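Trainee:
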Amino acid sequence: MNKYILAIDQGTTSSRVIIFDEEGLIVSFHQKEFKQYFPKPGYVLHDALEIWESVVFCIDKALSKAKLKIDDIMAIGITNQRETTVLWDKTTSQPLAKAIVWQSSQTKDYCDELIDKGYLDKFKSKTGLIINPYFSGTKIRWLLDNVDNAREMAKAGNVAFGTIDSWLIWKLSNGKYHITDYSNASRTLIYNIHDLKWDEELLAILDIPENILPKVIASSGINAYTDREVLGKEIPISGIAGDQQAALFGQTCFNPGDVKNTYGTGCFLLMNTGMEPKSSKNGLLTTIAWGIDGKIEYALEGSIFVAGSAIQWLRDGLEIIKSADETEEMARKAKGNLGVYFVPAFVGLGTPYWEEDARGSFFGLTRGVTKNHIVRSALEAIAYQTKDVVELMQKEANIKLCDLKVDGGAAKNNFLLEFQSDILNCNIYRPKINETTALGACYLAGMGIGLWDKSTIKNKWVVDKAFHPEMTEKKRQELYYNWQRALKACVAFADKMNY
Ligand code: ADP
Numbered sequence: 001m002n003k004y005i006l007a008i009d010q011g012t013t014s015s016r017v018i019i020f021d022e023e024g025l026i027v028s029f030h031q032k033e034f035k036q037y038f039p040k041p042g043y044v045l046h047d048a049l050e051i052w053e054s055v056v057f058c059i060d061k062a063l064s065k066a067k068l069k070i071d072d073i074m075a076i077g078i079t080n081q082r083e084t085t086v087l088w089d090k091t092t093s094q095p096l097a098k099a100i101v102w103q104s105s106q107t108k109d110y111c112d113e114l115i116d117k118g119y120l121d122k123f124k125s126k127t128g129l130i131i132n133p134y135f136s137g138t139k140i141r142w143l144l145d146n147v148d149n150a151r152e153m154a155k156a157g158n159v160a161f162g163t164i165d166s167w168l169i170w171k172l173s174n175g176k177y178h179i180t181d182y183s184n185a186s187r188t189l190i191y192n193i194h195d196l197k198w199d200e201e202l203l204a205i206l207d208i209p210e211n212i213l214p215k216v217i218a219s220s221g222i223n224a225y226t227d228r229e230v231l232g233k234e235i236p237i238s239g240i241a242g243d244q245q246a247a248l249f250g251q252t253c254f255n256p257g258d259v260k261n262t263y264g265t266g267c268f269l270l271m272n273t274g275m276e277p278k279s280s281k282n283g284l285l286t287t288i289a290w291g292i293d294g295k296i297e298y299a300l301e302g303s304i305f306v307a308g309s310a311i312q313w314l315r316d317g318l319e320i321i322k323s324a325d326e327t328e329e330m331a332r333k334a335k336g337n338l339g340v341y342f343v344p345a346f347v348g349l350g351t352p353y354w355e356e357d358a359r360g361s362f363f364g365l366t367r368g369v370t371k372n373h374i375v376r377s378a379l380e381a382i383a384y385q386t387k388d389v390v391e392l393m394q395k396e397a398n399i400k401l402c403d404l405k406v407d408g409g410a411a412k413n414n415f416l417l418e419f420q421s422d423i424l425n426c427n428i429y430r431p432k433i434n435e436t437t438a439l440g441a442c443y444l445a446g447m448g449i450g451l452w453d454k455s456t457i458k459n460k461w462v463v464d465k466a467f468h469p470e471m472t473e474k475k476r477q478e479l480y481y482n483w484q485r486a487l488k489a490c491v492a493f494a495d496k497m498n499y
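Spelled out as structure tokens, the structure:
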């Protein structure tokens, strides 16, 4: 009885609930997709109530699959899609409008205005972020300005802002707690990651009233309880972190220099930089990894926009594969790259180029090129882009990367990880539990109720497969040199073109 931890992993396209036992092993899992709203080009919205209902549904299903009751759950951990912005009415708990998703670029013009006014350095030095529609700050302002009565209601003290973690905790606690953790706060563009408070100056620039903001609390520790009326029991909510930070924790990247890369739709590479926030000159983000027991640890983050989604394009756009699983064998069959390089810049280039007008390009095509080479070039591109970010991180953090922990859907691909190890010249480790995001939330929650500490958690991390570099230095340099030439050519083609 009472021995299980329930992790809520609220993602961009689906909600998942995973129940873990006392050893940190998965007992059951349920996932539910929910609707994406695209009312205008560039807009991506979610219905916060639908998200809430999907989470409750997954909790019920995960419990019944494991033949457990809510009484068997001793703690809850929450991890969430980051930056997505919800405003709700505190008196009715109803969202004021649809939530604005991190991917939504509806505040681009306003961001450009802020950049033109010369605010880039101010925001960067205080929040570690660049001015970009991704982050919550400009989305909050958009909602206050565009939703009827929102500003008046906020003045009267009836509006709450939250990222998805805040919203779920509000609902789970029946409106008792309006909180968020340090990692989520650090993605809002209004949280000062050095002073650890909502930044008055930035709030004034963005015209956001402080009374709508949640209290920022530790990522691990008991800071809230579910309400008996909601789940039938008061359960401590003892772990909270944004998805990429949760994955960093789930991969037990506890020491400065520890790095994880998640190969999903895009890639997110995070390096723990310890108690020192390292600032980047070249487009890496500085962010809070987690705050526990009054101690804040920081991370550097690099984002690659297109990774696994290039494989989806081979399947759904080019239709040269039926499933992503085929790509491993096809890439091996190609035997080499035959001089083909693919820069999958479908939506521009992220770290370190930040070239939003770049578009995807193939280089080096000859008559001998087959679909196997095309597939191989897409997998290699994921590895090259990762190397671009790693090279920058090593330089900026002044740390040499020897080991990389990996997770995410595309990390199932052994060819990709072999090539990644070769091209980075470092060891790669894939853990047995690939659900590292939920695992991170579970570990934070378990630590929060005193079940584990970092050293017991470290012992739980088990490798599924290790990959060691075998390529010669000459070959590595030759391939990477050609990739960089392809990239330069792709960027040279980028221009404000009308598509
Ligand atoms: P997200 O959380 O971003 O939705 P996932 O971690 O679930 O992503 O990973 C899904 C992505 O991984 C898809 O883009 C898919 O194309 C890619 N993928 C899945 N299996 C493989 C594979 N065997 N080889 C390469 N890519 C794969």
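Using our numbering, the first residue of the sequence shown is number 1, and each one after it goes up by one.
Quick reminder that beta carbons are idealized off the backbone N, C-alpha and C, glycines included.
Computed from a prediction, not measured in an experiment: that's the story for all the values here.
(1) How far does the alpha helix (DSSP H) with Phe-419 in it extend, from its first residue to its last?
(2) Kindly provide the ranges of any alpha helix (DSSP H) runs that are 4 or more residues long and lie completely inside the segment 46-78, ordered along the chain.
(3) Grouping DSSP H, G and I as helix and E and B as strand, with all else coil, what is Ile-5?
(4) Let me know the beta strand (DSSP E) ranges lying completely inside the segment 289-325, each 3 residues or longer, listed in chain order.
(5) For a test of the three-state rule: what should DSSP assign to Leu-165, helix, strand or coil?
(6) Would you check if there are 3 or more beta carbon pairs closer than 8 Å linking the segment 209-224 to the segment 159-167?
(7) Rounded to the nearest angstrom, what separates Asn-261 and Phe-268 at their Cα positions?
(8) Could you check how far apart the C-beta atoms of Ala-438 and Asp-21 are, in whole angstroms? I think they sit under 8 Å.
(9) Below 8 Å between beta carbons: does that hold for Phe-305 and Tyr-341?
(10) What's the C-alpha gap between Glu-396 and Pro-352?
(11) Using a threshold of 8 Å, state whether the C-beta atoms of Ile-222 and Asp-181 are closer than that.
(12) In whole angstroms, what separates the C-alpha of Cys-402 from that of Asn-427?
(13) Under three-state DSSP, which class holds Tyr-481?
(14) Is Lys-67 buried or exposed, if buried means 16 or more other CB atoms sit within 10 Å of its CB?
(15) Could you compute how far the alpha carbon of Lys-139 sits from the alpha carbon of Phe-38?
(16) Could you tell me how far apart the beta carbons of Leu-87 and Gly-137 are, in whole angstroms, since I believe they sit closer than 8 Å?
(17) Is Asp-325 near the ligand ADP - that is, is its Cβ less than 7 Å away from at least one heavy atom of it?
(18) Which value, in whole angstroms, describes the spacing of the CA atoms of Val-216 and Ile-179?
(19) Using a Cβ-Cβ cut-off of 8 Å, state whether Leu-129 counts as contacting chain D.
(20) Any heavy atom of the ligand ADP closer than 7 Å to the Cβ of Ile-433?
(21) Note the first and the last residue of the continuous beta strand (DSSP E) segment covering Cys-267.
(22) Any heavy atom of the ligand ADP closer than 7 Å to the CB of Asn-413?
(23) Between Leu-285 and Leu-129, is the Cβ-Cβ spacing less than 8 Å?
(24) Which same chain residues end up closer than 7 Å to Glu-328 when comparing Cβ atoms and leaving out the 5 residues on each side of it in sequence?
(25) Between which two residues does the beta strand (DSSP E) harbouring His-178 extend?
(26) Among all the DSSP beta bridges, which residues are the ones paired with Leu-465?
(27) Using the DSSP secondary-structure output, state which residues sit across from Ser-220 in a beta bridge.
(28) Would you grab the beta carbon distance between Ala-381 and Ala-310 for me? Rounded to a whole angstrom, and I think it's under 8 Å.
(29) What do you reckon, is the C-beta of Ser-64 under 7 Å from a heavy atom of the ligand ADP?
(30) Using only alpha-carbon positions, find the residue among Phe-29, Ser-220, Tyr-225, Tyr-443 that is nearest to Lys-171.
(31) Is it the case that the CB of Gln-312 approaches a heavy atom of the ligand ADP more closely than 7 Å?
(32) Between which two residues does the alpha helix (DSSP H) carrying Gln-394 extend?
(33) Under DSSP, the alpha helix (DSSP H) around Lys-32 begins and ends at which residues?
(34) Return the CA-CA distance between Met-149 and Ala-62, expressed in angstroms with no decimal places.
(35) For Lys-176, tell me which candidate among Leu-49, Val-230, Ile-190 has the shortest Cα-Cα distance.
(36) Got a sec, what are the start and stop residues for the alpha helix (DSSP H) Arg-228 sits in?
Mentor: On the basis of the supplied data:
(1) 414-424
(2) 48-65
(3) strand
(4) 295-304
(5) It is Asp, not Leu, that sits at residue 165 in the sequence shown. Helix, per DSSP.
(6) yes
(7) Roughly 6 Å between the two C-alpha positions.
(8) Actually they are not in contact, since the Cβ atoms of Ala-438 and Asp-21 sit about 13 Å apart, beyond 8 Å.
(9) no
(10) 12 Å
(11) no
(12) 6 Å
(13) The answer is helix: DSSP assigns Tyr-481 an H, G or I state.
(14) Exposed.
(15) 16 Å
(16) Actually they are not in contact, since the Cβ atoms of Leu-87 and Gly-137 sit about 13 Å apart, beyond 8 Å.
(17) At least one heavy atom of the ligand ADP is found less than 7 Å from the C-beta of Asp-325.
(18) Rounded to whole angstroms, the gap between the alpha carbons of Val-216 and Ile-179 is 6 Å.
(19) Of the protein chains in the structure, only one exists, and it is not chain D.
(20) no
(21) Per DSSP, Cys-267 is one residue of the beta strand (DSSP E) stretching across 267-274.
(22) True, at least one ligand heavy atom lies under 7 Å from that Cβ.
(23) yes
(24) Asn-413, Asn-414, Phe-415
(25) Counting along the chain, no beta strand (DSSP E) covers His-178, and no H or E run does either.
(26) The question names Leu, but residue 465 is Lys in the sequence shown. For Lys-465, which the question treats as bridged, DSSP gives the partners Arg-430.
(27) Gly-239, Ile-292
(28) Their Cβ separation, rounded to whole angstroms, is 7 Å, which keeps Ala-381 and Ala-310 in contact under 8 Å.
(29) Ser-64 Cβ: outside cutoff for every heavy atom of the ligand ADP.
(30) Tyr-225
(31) yes
(32) 371-397
(33) No alpha helix (DSSP H) holds Lys-32; the beta strand (DSSP E) holding it covers 26-33.
(34) Reading off the sequence shown, one finds Asn at residue 149, where the question assumed Met. Distance between the alpha carbons of Asn-149 and Ala-62: 40 Å.
(35) Nearest in C-alpha terms to Lys-176, of all of Leu-49, Val-230, Ile-190, is Val-230.
(36) Segment 228-231, the alpha helix (DSSP H) holding Arg-228.
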